[in-house]
Amino acid sequence: MQTKPFRIGTRGSPLALAQAHEARDRLMAAHHLPEDMFEIVVLTTKGDRITDRSLAEIGGKGLFTEELEQKLTAGELDFAVHSAKDMATKLPEGLYLSAYLPREDIRDAVIGRTARKLIDLPHGATVGSSSLRRQALIRRMRPDINVITFRGLVETRLRKLEEGEVDATLLALAGLKRLGKVDVLTDILDPDTFPPAPAQGAICIESRIGDARVDDLLAPVNDAPTFDTVSCERAFLAALDGSCRTPIGGYAVCEGDLIRFSGLIITPDGRSQHAVTTDGHRRDAAALGTRAGQDVRARAGSAFFDDWH
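For the sequence shown, this note's numbering begins at 43 and goes up steadily by one.
Spelled out as structure tokens, the structure:
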């Protein structure tokens, strides 16, 4: 029987802490364990320390996970809680995504200062976003808009917006909900026309392969529909070698035993794109995502990707 607290690794941002607390609370409820059986261990990552450059410039995915994964591999953590969209498609040897909490809303939210909707912003308005996907989709919608890199905590970005640095910014609706800040949003974007990042809105738990004690702990909180949809989306991303350097959107939806997936690759300027829609059985979720990625890569051709760099 476990006598020492389980050590939960997390970043220290308000959103990351909210996600770690949600994971802890779900585990407490599932196993009828007291709070003191869980210790939340806060680490600062490279992505937290460097906020003046885009993620693509400083290394892409993995910037918010590397320090946590090192501690996990060394046995100094029992598991780590992450935003699933921050995870690289290839994890360090010996680690895997062992559970997903029930997914929040997948959509992007607009927080507008000079207009409520992107389409209504004045000509030549400035929109801030750290996501190449969002930047490309904004340019597709409004080629006249000036899109700038805009990083930092949710609270930091909202303050910069209020101070007039930009006319609008975009944030994940899931994050606003988890922080209790939905009152700031001015519009919600339709995922069919503004597809989210693969795995957006999902909280994942990363642990060591073969750690049966932790696997048994996490099994009751794993949400099967989220596991299947995110597995499909991450497989799509992996087939495209997706990182923070590549504007890729995509999401899957479970409908009974079936899963439906829609994906998109788009050039950073928003002028050229290739979309894919497919469906199949949920047991084949990852294979479905892989085939979708391979299909869209074949249609786009290597020049489509080479031109981005």
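Glycine included, every Cβ here is placed at the ideal spot set by N, Cα and C. Just so we're clear, the structure is a prediction, and the values are computed from it rather than from any experiment.
Short Cβ contact (8 angstroms threshold) for residue i with residue j
i	j	result
residue 54	residue 83	no
residue 175	residue 331	no
residue 187	residue 169	yes
residue 248	residue 137	yes
residue 229	residue 123	no
residue 127	residue 315	no
residue 321	residue 300	yes
residue 226	residue 195	no
residue 172	residue 237	no
residue 150	residue 231	yes
residue 309	residue 178	yes
residue 36	residue 209	This structure cannot settle anything about residue 36, because the visible part of the chain is limited to 43 through 351.
residue 339	residue 259	no
residue 156	residue 167	yes
residue 211	residue 203	yes
residue 277	residue 244	no
Among the options, the one whose alpha carbon lies nearest that of residue i
i	options	result
residue 250	78, 69, 144 and 111	111
residue 246	273, 255 and 254	273
residue 73	114, 48, 61 and 57	48
residue 317	297, 327, 300 and 289	289
residue 252	233, 182 and 120	120
residue 326	344, 309, 342 and 296	296
residue 106	116, 114, 130 and 117	130
residue 85	178, 244 and 56	56
residue 143	185, 267 and 203	267
residue 213	336, 239, 184 and 62	239
residue 293	328, 271 and 156	271
residue 216	45, 46 and 60	60
residue 75	45, 134 and 62	45
residue 180	347, 311, 324 and 336	311
residue 192	206, 185 and 116	206
Where the alpha helix (DSSP H) through residue i begins and ends
i	result
residue 331	327 to 342
Where the beta strand (DSSP E) containing residue i begins and where it ends
i	result
residue 108	Residue 108 -> not in any beta strand (DSSP E); alpha helix (DSSP H) instead, spanning 108 to 115.
residue 315	315 to 323
residue 85	80 to 85
residue 49	48 to 53
residue 278	It is not in any beta strand (DSSP E) - residue 278 instead sits in the alpha helix (DSSP H) that spans 266 to 281.
residue 250	245 to 250
residue 255	Counting along the chain, residue 255 falls outside any beta strand (DSSP E), though it belongs to the alpha helix (DSSP H) covering 254 to 260.
residue 63	Residue 63 -> not in any beta strand (DSSP E); alpha helix (DSSP H) instead, spanning 56 to 73.
residue 123	121 to 125
residue 294	290 to 297
residue 300	300 to 308
residue 239	Counting along the chain, residue 239 falls outside any beta strand (DSSP E), and DSSP gives it neither H nor E.
residue 141	137 to 142
Status (buried if at least 16 other CB within 10 Å, exposed otherwise) for residue i
i	result
residue 125	buried
residue 159	exposed
residue 161	exposed
residue 182	buried
residue 367	Only positions 43 to 351 of the chain appear in the structure, and residue 367 is not among them; the question remains open.
residue 254	exposed
residue 256	buried
residue 313	exposed
residue 198	exposed
residue 222	exposed
residue 334	buried
residue 341	exposed
residue 263	buried
residue 224	exposed
residue 345	exposed
residue 275	buried
residue 135	exposed
Contact test: residue i Cβ vs the ligand GTP heavy atom, cutoff 7 angstroms
i	result
residue 51	In the structure on display, the ligand GTP does not appear, and there are no ligands present to speak of.
Which residue spans inside the stretch 154 to 220 form an unbroken alpha helix (DSSP H) run of at least 4?
Segments of the alpha helix (DSSP H) lying fully in the stretch 154 to 220: 174 to 183, 196 to 204 and 215 to 220.
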